[in-house]
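Engineer: Below is one structure. I have some questions about it.
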Amino acid sequence: MPWRVGPKDRANGVIPDPYRIWLSEIMLQQTTVAAVKDYFERFTKRWPTVRDLADAQDEDVMAEWAGLGYYARARNLLKCARVVANEKGGVFPDTVDALLELPGVGPYTAGAVSAIAFDKSSVVVDGNVERVMARLYDVHTPLPAAKPELTALAESLTPLERAGDYAQAVMDLGATICTPRNPACGICPWRPACQARLAGTAVDLPKKTPKKPKPIRFGVVYITRRVDGALLLERRPDKGLLGGMLGWPGSEWVEKEAPKHQAPIRAEWKTLNGEARHTFTHFHLRLTVKTALVPMEREPAVGHFLPLEDFSPTDIPTVMRKAFNLFHSD
DNA sequence: GATACGTGGAT
DNA sequence: TATCCAAGTAT
């Protein structure tokens with residue numbers, strides 16, 4: 001992992017950069033290492049320091065984050081970078097309490113940054129740690145109710161020295177050996193101490209409260225091509241789904257057929273065959289895509305035309321990219 | 001405590 | 001195809 005400073009690096013005098021640790025931890029929230037890698041490389045190459053990031057344009061950061069999901073993270077990332085740059089002299093705080101004050105930094109990230117970047121003896125509890133603790137101590141309380149109990153257990157094991165290395169080791173254990181399904185108990189270094197292994201309950205832990213089924217929502221988006229190639233895009237409001245991101249104007253997304261709405265611009269609309277399907281955290285979406293070609297002088301009611309050379313499908317959320325693909329392959 | 005909030009890969 | 005799941009946070 002490009003952000004990791006291992007024991008060997010540390011022995012060679014490498015000191016972790018809190019900016020890089022913080023950035024990686026924000027990206028890793030509910031997101032796999034594989035998905036984060038390229039984004040981390042692009043962000044650190046384009047904005048090498050927290051001051052560089054603080055000086056960035058909002059739309060550039062949102063475009064760079066596009067595709068990674070949970071876009072509130074990107075908005076809070078910028079807020080946080082600006083607080084650190086403008087109010088903290090460009091220096092990240094090193095205590096959990098101070099880190100918790102920063103936008104987008106919760107209990108996990110605060111613990112991770114203080115332990116990994118500053119070698120503080122902080123508790124670090126992510127999904128991996130919860131699973132490892134639940135098994136190690138055979139905790140049957142379902143999540144998320146079990147969180148305080150599991151945090152207390154994690155705290156009891158957190159060492160005074162090298163807590164960052166320890167935290168990463170436990171997370172690595174959870175990611176590679178003590179996995180949700182088919183845990184590799186046979187090669188687990190903690191097998192001798194594992195109470196769930198003893199009880200034969202490891203694979204069933206941690207217990208989780210059942211989740212609700214996802215409803216299906218429907219909507220319409222409009223992809224408008226101007227004769228010079230420009231595309232009609234709209235910046236979504238900061239609050240809510242895909243907040244702050246560019247997208248195609250369209251209807252609201254609701255259960256049962258798309259609601260009444262107005263097209264973003266007067267045109268002869270053609271409905272594309274098929275639909276763009278996408279699943280969000282709490283609902284499935286089926287998007288109908290309508291397209292039209294409009295003359296230069298036609299003014300949109302919503303959104304603005306983006307010149308062809310300024311548009312990249314990688315700058316918009318995946319669901320919008322799916323709609324664009326339907327349009328582009330038409 | 002419950003809900004909103006993305007995405008892609010694994011099974 | 002459908003569900004589960006990943007280094008969570010904000011409200």
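For the first sequence, position 258 (counting from the first letter as 1) is numbered 258 according to our numbering, and the numbering increases by one without interruption. Even for Gly, the Cβ is constructed at its ideal location relative to N, Cα and C. As the structure is a prediction and not an experimental result, all values here were calculated from the model.
To which residues of the same chain is K270 closer than 6 Å at the C-beta, ignoring the five residues directly before and after it?
Structural biologist: Mapped onto the first sequence, residue 270 falls at position 270. Within the same chain, and ignoring the five residues on either side of K270 in sequence, the residues whose Cβ sits closer than 6 Å to its Cβ are T291.
Engineer: Whole angstroms are fine: how far does the CA of T109 sit from the CA of T314?
Structural biologist: One-based indexing of the first sequence puts residue 314 at position 314. One-based indexing of the first sequence puts residue 109 at position 109. Their backbone Cα atoms lie some 27 Å apart in a straight line.
Engineer: Considering only the alpha carbon of each residue, which of H282, N273, P183 lies closest to F327?
Structural biologist: By 1-based counting over the first sequence, the position of residue 327 is 327. Checking every option, the nearest Cα to that of F327 belongs to N273.
Engineer: Among residues of its own chain, excluding the 5 on either side of W65, which ones have a beta-carbon nearer than 8 Å to its beta-carbon?
Structural biologist: Numbered from its first residue, the first sequence carries residue 65 at position 65. Only Y39, Y71, R73, A74, L77 meet the Cβ criterion.
Engineer: Less than 9 Å between the beta carbons of P249 and V221, yes or no?
Structural biologist: Here residue 249 corresponds to residue number 249 of the first sequence, with the count starting at 1. Here residue 221 corresponds to residue number 221 of the first sequence, with the count starting at 1. Yes, they are a contact pair.
Engineer: Measuring CA to CA, which of T176, A145, Y137, D172 is closest to A157?
Structural biologist: Sequence index remark: in the first sequence, residue 157 carries index 157 (1-based). The sequence given here has Leu at residue 157, not Ala. Of the listed residues, the one whose Cα sits closest to L157 is Y137.
Engineer: Using the beta-carbon count (16 or more within 10 Å), is L173 buried or exposed?
Structural biologist: For this step, residue 173 is matched to residue 173 along the first sequence. Result: buried.
Engineer: Going by other Cβ atoms of all chains shown within 10 Å of its Cβ, with 16 needed for buried, is P183 buried or exposed?
Structural biologist: Numbered from its first residue, the first sequence carries residue 183 at position 183. Classification for P183: buried.
Engineer: Classify R226: buried if its beta carbon has 16 or more other beta carbons within 10 angstroms, exposed otherwise.
Structural biologist: Sequence index remark: in the first sequence, residue 226 carries index 226 (1-based). R226 comes out buried.
Engineer: Taking 8 Å as the cut-off, does the region 77 to 94 touch the region 46 to 59 (at least 3 CB pairs, one atom from each stretch)?
Structural biologist: yes
Engineer: Quick check on R396: does DSSP put it in helix, strand or coil?
Structural biologist: Because the chain spans 1 through 330 in this model, residue 396 falls outside it and cannot be assessed.
Engineer: Take R51 as the anchor and find which of D60, Y19, E268 has the nearest alpha-carbon.
Structural biologist: For this step, residue 51 is matched to residue 51 along the first sequence. Ranking the options by Cα distance to R51, first place goes to Y19.
Engineer: So what's R235 in DSSP terms, helix, strand or just coil?
Structural biologist: Locating residue 235 in the first sequence gives position 235, counting from the first residue. Three-state DSSP puts R235 in a strand.
Engineer: Since A323 and V294 are thought to touch, with beta carbons under 8 Å apart, how far apart are those beta carbons, to the nearest angstrom?
Structural biologist: Your numbering for residue 323 matches position 323 in the first sequence. Your numbering for residue 294 matches position 294 in the first sequence. No, A323 and V294 are not in contact; Cβ-Cβ is about 18 Å, not under 8 Å.
Engineer: How would you call T224, buried or exposed, if buried means at least 16 neighbouring beta carbons within 10 angstroms?
Structural biologist: For this step, residue 224 is matched to residue 224 along the first sequence. Answer is buried; the Cβ neighbour count reaches 16.
Engineer: Whole alpha helix (DSSP H) runs in the region 80 to 127 with 4 or more residues, listed along the chain?
Structural biologist: 96 to 100, 107 to 118
Engineer: Please work out which residues of its chain come closer than 6 Å, Cβ to Cβ, to L28, disregarding the five sequence neighbours upstream and downstream, and give them in chain order.
Structural biologist: What you label residue 28 is simply residue 28 of the first sequence in a count that begins at 1. Same-chain partners within the cutoff: V36.
Engineer: Anyone know if the C-beta pair for A217 and R162 falls short of 9 Å?
Structural biologist: Your numbering for residue 217 matches position 217 in the first sequence. Your numbering for residue 162 matches position 162 in the first sequence. According to the sequence shown, residue 217 is Arg rather than Ala. Cβ distance not < 9 Å, so R217 and R162 don't count as in contact.
Engineer: Whose C-alpha, out of L68, P189, S114, E87, is nearest the C-alpha of T17?
Structural biologist: Position 17 of the first sequence holds residue 17. What sits at residue 17 in the sequence shown is Asp, not Thr. When only C-alpha atoms are compared, the closest one is S114.
Engineer: Alpha carbon to alpha carbon, how far is S24 from A11? Give it in angstroms, no decimals.
Structural biologist: As a working note, residue 11 is residue 11 in the first sequence. As a working note, residue 24 is residue 24 in the first sequence. Looking at the two C-alpha atoms, the distance is approximately 22 Å.
Engineer: Once the 5 residues before and after A196 are set aside, which same chain residues still bring their CB inside 6 Å of it?
Structural biologist: Your numbering for residue 196 matches position 196 in the first sequence. Around A196: R135, D138, A202, L205.
Engineer: Could you please give the first and the last residue of the uninterrupted beta strand (DSSP E) stretch that includes H328?
Structural biologist: One-based indexing of the first sequence puts residue 328 at position 328. First-last for H328: 318 to 328, but that is the alpha helix (DSSP H), not the beta strand (DSSP E).
Engineer: Count the other CB atoms, across all protein chains shown, that sit within 10 Å of the CB of A112; report buried if there are 16 or more and exposed otherwise.
Structural biologist: Here residue 112 refers to the residue found at position 112 when the first sequence is read from its first residue. Buried, since its Cβ has 16 or more Cβ neighbours within 10 Å.
Engineer: Would you report the Cα separation of G104 and E297, rounded to the nearest angstrom?
Structural biologist: Within the first sequence, residue 104 is the residue found at index 104, counting from 1. Within the first sequence, residue 297 is the residue found at index 297, counting from 1. G104 and E297 have their alpha carbons spaced roughly 43 Å apart.
Engineer: In chain order, which beta strand (DSSP E) runs of at least 3 residues are fully inside the region 286 to 313?
Structural biologist: Correct list: 304 to 306.
Engineer: Determine, using beta carbons only, whether N128 and C178 come nearer to each other than 9 Å.
Structural biologist: Translated into the one-based positions of the first sequence, residue 128 becomes position 128. Translated into the one-based positions of the first sequence, residue 178 becomes position 178. With a cutoff of 9 Å on beta-carbon distance, N128 and C178 are scored as near each other.
Engineer: Given R277, which residues of its chain have a CB within under 6 Å of its CB, disregarding the five upstream and five downstream residues?
Structural biologist: Walking along the first sequence from the start, residue 277 turns up at place 277. The residues are R286.
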